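In the numbering used here, the protein residues as written are 41 to 360.
As structure tokens, then:
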């Protein structure tokens, strides 16, 4: 999201007053200094938002500029129009900074903090709020504020009233409101005033298609839930079967390897162990050959029990 067009408009107006060959402004010099400071804050906030990507500093700069405008509006009512435009520009930059900071939940409350009521929100700022909350999947947050703004008689003469009404219908009424209420709004006074015949017909067709899709979506969700539960049951059964199959396979391989071991060699190893421990003195030189043979047989038996299957058929040999 980038800075709004109202930023450049306010920038151009204030720069016109600050050029050397222009007549003096219609407000006292202190007010002119305040506007210069606010314009500097606006430029700095936009630069930090777009160029430097320092969103928190951009937000802080917008807050500082809005505080200066608030103090000026309390003492000088003649500059209310310029204050309104600069305030809208600062709010536009602030909304984008909050969105970049992933603090979009604060946007509506922050805007109402500076404007008081939804009816006083400028057209561009309200459009940005509607589009932002629609993009993040929370269009219902703007329903009450947008409805109050559209019902205000003073806003009906604004150039952007029709655009706000279109956004309200497409991004708030259609996805959030009951179909009966949305149809009444489209066919009512506001919808008839701001929508052309083709736009009204398109909105009604959209509502009808949504009404037709609602039962099918409900039934499909039920089918999906049942299919998900059945799939989970089948997955559990398949995992249990796989576990039992692996256990059976392991036991079969172990039994096959035990059967493939030469029983006579095991008896010979036991006999050699008996001779080694009971009948042979390990200190004698003649016992070295028997000890080495016993160790080799035991190593071969161990390899046959724990090694790969193709090695279990090898018969250990004893060199005497």
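For each residue, glycine too, the CB sits at the ideal point set by N, CA and C. Quick caveat, the model's predicted, so the values are computed rather than measured.
Proximity below 8 Å, CB of residue i to CB of residue j
i	j	result
residue 222	residue 213	yes
residue 166	residue 186	yes
residue 98	residue 133	yes
residue 163	residue 204	yes
residue 131	residue 159	no
residue 190	residue 230	yes
residue 211	residue 249	no
residue 126	residue 74	no
residue 82	residue 129	yes
residue 85	residue 105	yes
Backbone secondary structure at residue i - three-state DSSP
i	result
residue 83	helix
residue 187	helix
residue 195	helix
residue 257	The pLDDT assigned to residue 257 is 46, lower than 50, so where the model puts this residue is not dependable; a value taken from the coordinates is nonetheless given after this. In this structure, residue 257 counts as helix in the three-state DSSP scheme.
residue 342	helix
residue 181	helix
residue 134	helix
Rounded C-alpha distance that separates residue i from residue j
i	j	result
residue 227	residue 240	8 Å
residue 111	residue 233	39 Å
residue 195	residue 170	17 Å
residue 121	residue 156	17 Å
residue 244	residue 161	29 Å
residue 209	residue 93	34 Å
residue 219	residue 225	10 Å
residue 168	residue 87	19 Å
residue 343	residue 332	16 Å
Proximity winner among the options, relative to residue i (alpha-carbon distances)
i	options	result
residue 103	137, 93 and 247	137
residue 178	202, 135, 216 and 90	216
residue 152	282, 72, 342 and 135	135
residue 154	144, 124 and 181	124
residue 238	90, 253, 206 and 251	206
residue 180	145, 337, 90 and 246	145
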